[in-house]
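Colleague: Protein sequence lines correspond, in order, to chains P and A.
Quick note on the working numbering: the first sequence kicks off at 1 and runs consecutively.
Quick note on the working numbering: the second sequence kicks off at 1 and runs consecutively.
For every residue, glycine included, the Cβ atom is placed at its ideal position computed from N, Cα and C.
The model shown is predicted, which means the values in this text are computed figures rather than measured ones.
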Amino acid sequence: MNRSSDLSAYLHIPFCERKCIYCDFYSIENLSLRSEFVDVLLREIDLKLEANPELQNRELRTIFFGGGTPSLLAPNELDRIIRRLETHFRIASHCEFTLECNPGTVSLEKLTAYKSLGVNRLSFGVQSFVAEELEFLGRIHDADEARQAIDLAKRAGFDSISLDLIFGLPSQTESSLLFSLEQAIALETDHISAYNLIVERGTPLFRLVQLGKVIELDNDRAAGYYATVQETLQAAGFIQYEISNYATAEQKRAKHNLVYWDGFKEYVSFGPSAHEFIGGVRSWNVSSLEEYGKYLRNGTLPIINSERLSLEERRTEVLYVQLRSTGVRRTEFMNVFAEDLLLHPAVNDFIDDGLMIVNGDVLSLTPAGYRYCDGIVTRLMESGDRVPKQFEIASIIS
Amino acid sequence: MGLENIRNFCIIAHIDHGKSTLADKLLLETHTIEAREMTNNQMLDDMALEQERGITIKLHAIQMRYTPASGGEYIYNLIDTPGHVDFTYEVSRSLAACEGALLVVDATQGVEAQTIANLFLAIDAGLEIIPVLNKVDLQSAMIEEVSHQIMELIGCKKEDIILASAKAGIGIVDVLEAVRLRVPPPKGDVEAPLRCLIFDSVFDSYRGSIVYMRVMDGTIKEGDEILFMATKQKYRVEELGTLKMRREKKTQLSAGDVGYLIAGVKDVKDTRVGDTVTHFRGGVQEPISGFKVAKPMVFAGLYPQSAEDFAMLRDSLDKLSLNDSSLVYEPESSIALGFGFRCGFLGLLHMEIIQERLDREFDQNIVTTVPNVEYRVTTTRQEEVIVDNPSSMPEPGKIEWVEEPYIKAQIIVPSEYVGAIMKLSNERRGIYKTTTYIDPTRADIHYEFPLSEIIFDFYDKLKSISRGYASLDYEFLEYRQSDLVKLDILLNGDPVDAFSTIVHRDKAYEYGKKLCSKLRELIPRQMFEVAIQAAIGAKIIARETVSALRKDVTAKCYGGDISRKRKLLEKQKEGKKRMKQVGRIEVPQEAFLAVLQISE
Numbered sequence: 001m002n003r004s005s006d007l008s009a010y011l012h013i014p015f016c017e018r019k020c021i022y023c024d025f026y027s028i029e030n031l032s033l034r035s036e037f038v039d040v041l042l043r044e045i046d047l048k049l050e051a052n053p054e055l056q057n058r059e060l061r062t063i064f065f066g067g068g069t070p071s072l073l074a075p076n077e078l079d080r081i082i083r084r085l086e087t088h089f090r091i092a093s094h095c096e097f098t099l100e101c102n103p104g105t106v107s108l109e110k111l112t113a114y115k116s117l118g119v120n121r122l123s124f125g126v127q128s129f130v131a132e133e134l135e136f137l138g139r140i141h142d143a144d145e146a147r148q149a150i151d152l153a154k155r156a157g158f159d160s161i162s163l164d165l166i167f168g169l170p171s172q173t174e175s176s177l178l179f180s181l182e183q184a185i186a187l188e189t190d191h192i193s194a195y196n197l198i199v200e201r202g203t204p205l206f207r208l209v210q211l212g213k214v215i216e217l218d219n220d221r222a223a224g225y226y227a228t229v230q231e232t233l234q235a236a237g238f239i240q241y242e243i244s245n246y247a248t249a250e251q252k253r254a255k256h257n258l259v260y261w262d263g264f265k266e267y268v269s270f271g272p273s274a275h276e277f278i279g280g281v282r283s284w285n286v287s288s289l290e291e292y293g294k295y296l297r298n299g300t301l302p303i304i305n306s307e308r309l310s311l312e313e314r315r316t317e318v319l320y321v322q323l324r325s326t327g328v329r330r331t332e333f334m335n336v337f338a339e340d341l342l343l344h345p346a347v348n349d350f351i352d353d354g355l356m357i358v359n360g361d362v363l364s365l366t367p368a369g370y371r372y373c374d375g376i377v378t379r380l381m382e383s384g385d386r387v388p389k390q391f392e393i394a395s396i397i398s
Numbered sequence: 001m002g003l004e005n006i007r008n009f010c011i012i013a014h015i016d017h018g019k020s021t022l023a024d025k026l027l028l029e030t031h032t033i034e035a036r037e038m039t040n041n042q043m044l045d046d047m048a049l050e051q052e053r054g055i056t057i058k059l060h061a062i063q064m065r066y067t068p069a070s071g072g073e074y075i076y077n078l079i080d081t082p083g084h085v086d087f088t089y090e091v092s093r094s095l096a097a098c099e100g101a102l103l104v105v106d107a108t109q110g111v112e113a114q115t116i117a118n119l120f121l122a123i124d125a126g127l128e129i130i131p132v133l134n135k136v137d138l139q140s141a142m143i144e145e146v147s148h149q150i151m152e153l154i155g156c157k158k159e160d161i162i163l164a165s166a167k168a169g170i171g172i173v174d175v176l177e178a179v180r181l182r183v184p185p186p187k188g189d190v191e192a193p194l195r196c197l198i199f200d201s202v203f204d205s206y207r208g209s210i211v212y213m214r215v216m217d218g219t220i221k222e223g224d225e226i227l228f229m230a231t232k233q234k235y236r237v238e239e240l241g242t243l244k245m246r247r248e249k250k251t252q253l254s255a256g257d258v259g260y261l262i263a264g265v266k267d268v269k270d271t272r273v274g275d276t277v278t279h280f281r282g283g284v285q286e287p288i289s290g291f292k293v294a295k296p297m298v299f300a301g302l303y304p305q306s307a308e309d310f311a312m313l314r315d316s317l318d319k320l321s322l323n324d325s326s327l328v329y330e331p332e333s334s335i336a337l338g339f340g341f342r343c344g345f346l347g348l349l350h351m352e353i354i355q356e357r358l359d360r361e362f363d364q365n366i367v368t369t370v371p372n373v374e375y376r377v378t379t380t381r382q383e384e385v386i387v388d389n390p391s392s393m394p395e396p397g398k399i400e401w402v403e404e405p406y407i408k409a410q411i412i413v414p415s416e417y418v419g420a421i422m423k424l425s426n427e428r429r430g431i432y433k434t435t436t437y438i439d440p441t442r443a444d445i446h447y448e449f450p451l452s453e454i455i456f457d458f459y460d461k462l463k464s465i466s467r468g469y470a471s472l473d474y475e476f477l478e479y480r481q482s483d484l485v486k487l488d489i490l491l492n493g494d495p496v497d498a499f500s501t502i503v504h505r506d507k508a509y510e511y512g513k514k515l516c517s518k519l520r521e522l523i524p525r526q527m528f529e530v531a532i533q534a535a536i537g538a539k540i541i542a543r544e545t546v547s548a549l550r551k552d553v554t555a556k557c558y559g560g561d562i563s564r565k566r567k568l569l570e571k572q573k574e575g576k577k578r579m580k581q582v583g584r585i586e587v588p589q590e591a592f593l594a595v596l597q598i599s600e
């Protein structure tokens, strides 16, 4: 791993006006702690650089403000954070700088200010254009506000705009899904993320399902919806480059997220619950703003846990993240894991079935293959080499 | 002490009729063991598995010193016997080492089939039978009826029956006295050439095979050169002695004695139950009659879960067979399951025991194929082929006829269940022979069955339709010609050899249909459709389909999700270890025993 190479930065802004029932990201609804949070966040940036001087002056190629709801940050708060990043890192001239927005929290003025601070990509959590679905999910905005927000973003000069959709809602029908897709397409953004709803443990939705008050959509129907999403977006000119992500062109893909799906690239992170990956070690911060503040006021980093990956664990992760996005780079894989994936007996079966495809050096999933990503990866976790050969066993017997 | 003061006896009883409790009380009464040493478990069962099943799987023997109130001192050797039908031969060898037997019958249950079978073995062996009616203190005891059953069976007088309750300590001294007064002392000539009967052997990792035996004639001493007559192996006696709670070393054993022998034998297969031990020089020419090598009746393939564990499975089987000379196995390979072993067992219980011990004692994950019997196939070229694995059955066109083993079965059941038993027996191709009544309420039914029909779940069925009252005993009869066909199961068009079975033609369709539908339940959905077909030769007789899984993917995976997701994948991979990859299809290991779960 080239330690002096590009770096990405993730900053977690843990505030929401109201938590959505399905969301398991860390956030709190007490917005009054915001400016205090920015203070300790700056502290974390300083401390992290003190503890890892080798990060100093590395070039940030992507910056991502996620949450929570980063668009709750006032422009001056965002400004303070950016200034602090700039004191430690070089920021690349074409750095992708994304900020997640809730359509219910933006104005032209705010977005224009974000733009002037260097933000060049907005990701809107729209989720649906159907009123009942938005209400079910606990969103604070309606469909019109979502349309307006994207219009405002364009007027503020943003040309990289993504919007998120959620499908597979318990009440969703094929036609309500198609309606949301058409509405999203009509807004002419260059990027759409469409996620199959996951009922995550610990969320209010999880409890509702457990209590039997909400009945999860069955997997077969969800599979049908997924195919609908894939086909509809493809027909509208979007190219799928990850299980849930679609862009109108290669340069419109989310570069920051591609770092996660690279498996080798490094990212540094700040804010409660944020995960980073540097030098083969993944570490993550405590998921509590209170604890996070305590650590930092005591002058220690709020890292609650970390793991150094074994070669086998890295192999699993590389397979998983690369296959779910743009595919495994075979030569690189061979150099690191000493294994030609094309010799794996299962790979050839998957290619024959049209679930995988080889394109030059890259082995990737086809749109049909994306539907079976988890199953395919578990199959490939059994390394091809370890499948015993017949003659070896024959010699054991004799 | 002379022969007149020795008594060698055993206990014949059905499971749960109180054999172990009675044995424990005899040990206490004779101070062989003190109450404080007694745990909650009966002393004679020392394998955890035996205790759980409540069945004495392997034989043991123990010596007691009995001092009757009337004076004198006696040595009592109690030889334990296994109570299950799979082990009839072992029982017969234990009986041959005794002069008397306690027939223990539960007064609340009455006489059961296995008890009768073993009782007849004992009578045939010329043993003095002492009937003991146990659990007489219970409210539900049917002392009159069961006494009549016993009198009817052995032709004794009512006053010959000892009323006892092992649990409550009633009748224990009466039993000890009856052994003294009614069981004849052993015959035998201390001066004659040596003849010892092996009735058991166990493997000790430090000492090798430990032989349990009865000296019939002669005297055996430490250092003697001895010969195991059946296996023709020569050894030198390292140690011998009697069996108390622990082994008690002696310098010699003589005619009439029961004890143990250690001679540095590395393999229990050299110390076969029923074999005769004599002196290498000046020994007898004729062994004690009745020896046979216990022949496996039931066969199944045992395969390691994952191919790399093959060597481990072989080691485990090697170790198990050290203690179990009736376990036979040889390597075989299956297209579906890879490399494993074809194992022969005395019966289905024996097979279950081996499976459980592999799992518990050796931590082996194994896939077991459906058990089958051994067939004799005569080909069109008039050659006889022995088939112990359905996949090695010759093609239909090359078969002249097939013979399968038949057994003679005895079922004892309260008369109200006779109809149900007969119905079940007909379904299992049973041939009705006779019914006699032990008493007005209990029928003794005799049938002949193809062994293959009773090895799966016949015993369980028998129990469930008779609310637990029916009991079964059987013995091998002969090979008979039957109209048998090989039924294959195909997954996506490819035959899976491990699923092949040999069935009677009349049952093949029904069976094929049920097996396909059971497999459809058991095989999880895959990324592609799975067609399950049953076929006889090239003819498809049943089909089921497992539809394809339509999606197996997690929608979100960003920086914070990767670690958690990896751990989840690792778990899923772990879960897959319970699956066997058959071609491209993942088949759970239960599926290989699906046939056992097919309900009638």
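#1: What residues from the segment 551-570 of chain A come within 8 Å of chain P, judged by C-beta to C-beta, listed N to C?
#2: In chain order, what residues of the same chain lie with their CB nearer than 8 Å to the CB of P/A249, ignoring the 5 residues before and after it?
#3: Kindly list the residues whose CB is nearer than 8 Å to the CB of A/C156, restricted to its own chain and excluding five residues on each side of it in sequence; keep chain order.
#4: In or out: P/T378 buried (at least 16 other Cβ within 10 Å) or exposed?
#5: Report yes or no: is there a C-beta of chain A within less than 8 Å of the C-beta of P/E406?
#6: Along the chain, where does the alpha helix (DSSP H) containing A/D206 start, and where does it finish?
#7: Within 10 Å of its beta-carbon, does A/M229 have 16 or more other beta-carbons around it, so buried, or fewer, so exposed?
#8: Following the continuous beta strand (DSSP E) through A/N77, name the residue where it begins and the one where it ends.
#9: Looking at the C-beta of P/T378, does it have a partner C-beta in chain A at a distance below 8 Å?
#10: Could you tell me which chain A residues have their CB closer than 9 Å to the CB of P/A222, listed as they occur along the chain?
#11: Hey, quick one: how far does the beta strand (DSSP E) through A/T276 stretch, first residue to last?
#12: Based on Cα-Cα distance, which residue from A/S321, A/I335, A/L568 lies nearest to P/G375?
#13: Can you list the residues of chain A that P/I198 reaches, using a CB-CB cut of under 8 Å?
#14: Compute the Euclidean distance between the alpha carbons of A/N3 and A/I79, then round it to the nearest angstrom.
#15: Beta strand (DSSP E) containing P/N305: first to last residue?
#16: Let me know the alpha helix (DSSP H) ranges lying completely inside the segment 370-451 of chain A, each 4 residues or longer, listed in chain order.
#17: Residues of chain P with a CB under 9 Å from the CB of A/F528: which are they?
#18: Under the DSSP definition of a beta bridge, which residues are partnered with A/P334?
#19: Roughly how far, in whole angstroms, is the beta-carbon of A/S209 from the beta-carbon of A/T276, given that I think they are within contact range, below 8 Å?
#20: Hey, could you find the ends of the beta strand (DSSP E) P/N196 is sitting in?
#21: Over the uninterrupted beta strand (DSSP E) stretch that includes P/L342, give me the two end residues.
#22: Assuming P/D262 contacts P/V321 under a Cβ cut-off of 8 Å, what Cβ separation, rounded to an integer in Å, is found between them?
#23: Can you tell me where the alpha helix (DSSP H) holding P/Q127 begins and where it ends?
#24: Give me the chain A residues within the contact set of P/R282, using Cβ-Cβ distance strictly less than 7 Å, ordered along the chain.
#25: If you draw a straight line from the alpha carbon of A/V413 to that of A/E448, how long is it in whole angstroms?
#26: Can you find the residues in the same chain that come closer than 7 Å, C-beta to C-beta, to P/Q56, ignoring five residues on each side of it along the sequence?
#27: Would you grab the beta carbon distance between A/G241 and A/V215 for me? Rounded to a whole angstrom, and I think it's under 8 Å.
#28: Can you name the residues that DSSP bridges to P/Y370?
#29: Nearest CA to the CA of P/L42: which residue from P/D79, P/C23, P/S32?
#30: Would P/Y246 pass as an interface residue toward chain C - the criterion being a Cβ-Cβ separation below 8 Å?
#31: Have a look at the DSSP bridge pairing and note the partners of A/F228.
#32: Straight-line CA distance for A/Y474 to P/E200?
#33: Going by DSSP in three states, P/Q234 sits in which element: helix, strand or coil?
#34: Kindly indicate which three-state DSSP category P/R147 falls into: helix, strand or coil?
#35: Chain A partners of P/C373, CB-CB under 7 Å?
#36: Going along chain A, which residues have a C-beta under 7 Å from P/M381?
Modeller: Per the coordinate set shown:
#1: Sequence-ordered contacts of the segment 551-570 of chain A with chain P read K551, D552, V553, T554, A555, K556, C557, Y558, G559, G560, I562, S563, K565, R566, L569, E570 [C-beta pairs closer than 8 Å].
#2: If you ignore the 5 residues before and after P/A249, its C-beta comes within less than 8 Å of the C-beta of D190, I239, all in its own chain and listed in chain order.
#3: Excluding residues up to 5 positions away in sequence, I129, P131, I150 lie with their Cβ nearer than 8 Å to the Cβ of A/C156 in the same chain.
#4: When all chains shown are included, P/T378 counts as buried.
#5: Nothing can be reported for residue 406 of chain P, as the shown portion of chain P is limited to 1 through 398.
#6: Reading off the sequence, residue 206 of chain A comes out as Tyr, not Asp. From DSSP, A/Y206 is part of no alpha helix (DSSP H); its letter is neither H nor E.
#7: Buried: at least 16 other Cβ atoms inside 10 Å.
#8: First-last of the beta strand (DSSP E) with A/N77: 74-79.
#9: At a cut-off of 8 Å between C-beta atoms, P/T378 counts as an interface residue with respect to chain A.
#10: For a Cβ distance threshold of 9 Å, residue set R550, K551 of chain A lies close to P/A222, ordered along the chain.
#11: If you look at A/T276, you'll find it in the beta strand (DSSP E) that goes 276-279.
#12: Here the closest residue by C-alpha is A/L568.
#13: Residues of chain A whose Cβ lies closer than 8 Å to the Cβ of P/I198 are, in chain order, T554, A555, K556.
#14: Rather than Asn, the amino acid found at residue 3 of chain A in this sequence is Leu. Taking the straight line from one Cα to the other gives about 17 Å.
#15: For P/N305, the enclosing beta strand (DSSP E) begins and ends at 303-308.
#16: Counting only unbroken stretches of 4 or more residues, the alpha helix (DSSP H) elements lying wholly within the segment 370-451 of chain A are 418-427, in sequence order.
#17: Those are D353, listed as they occur along chain P.
#18: Correcting the residue type first, residue 334 of chain A is Ser in the shown sequence and not Pro. For A/S334, which the question treats as bridged, DSSP gives the partners A/G338.
#19: 16 Å between Cβ atoms; not a contact.
#20: 191-196 is the extent of the beta strand (DSSP E) around P/N196.
#21: No beta strand (DSSP E) holds P/L342; DSSP gives it neither H nor E.
#22: The Cβ separation is near 7 Å, so the contact holds.
#23: Bounds of any alpha helix (DSSP H) do not take in P/Q127; it lies within the beta strand (DSSP E) bounded by 121-127.
#24: For P/R282, the C-beta contacts it makes with chain A under 7 Å involve S563, in order along the chain.
#25: When rounded, the distance between both Cα atoms is 17 Å.
#26: Here the set comprises L49, H88.
#27: Rounded, the Cβ-Cβ distance is 12 Å, inconsistent with contact.
#28: Listed as beta-bridge partners of P/Y370 by DSSP are no residues whatsoever.
#29: Residue P/D79 is the option with its Cα nearest to P/L42.
#30: Protein chains P and A are contained in the structure displayed, whereas chain C is not.
#31: In DSSP, A/F228 forms a bridge with A/Q233, A/V277.
#32: Cα-Cα distance, rounded: 58 Å.
#33: Helix, per DSSP.
#34: Looking at P/R147 - three-state DSSP - the assignment turns out to be helix.
#35: For P/C373, the chain A residues whose C-beta falls within less than 7 Å of its own C-beta are V553, listed in chain order.
#36: Ordered by position in chain A, the residues that pass the 7 Å Cβ test against P/M381 are L569, K573.
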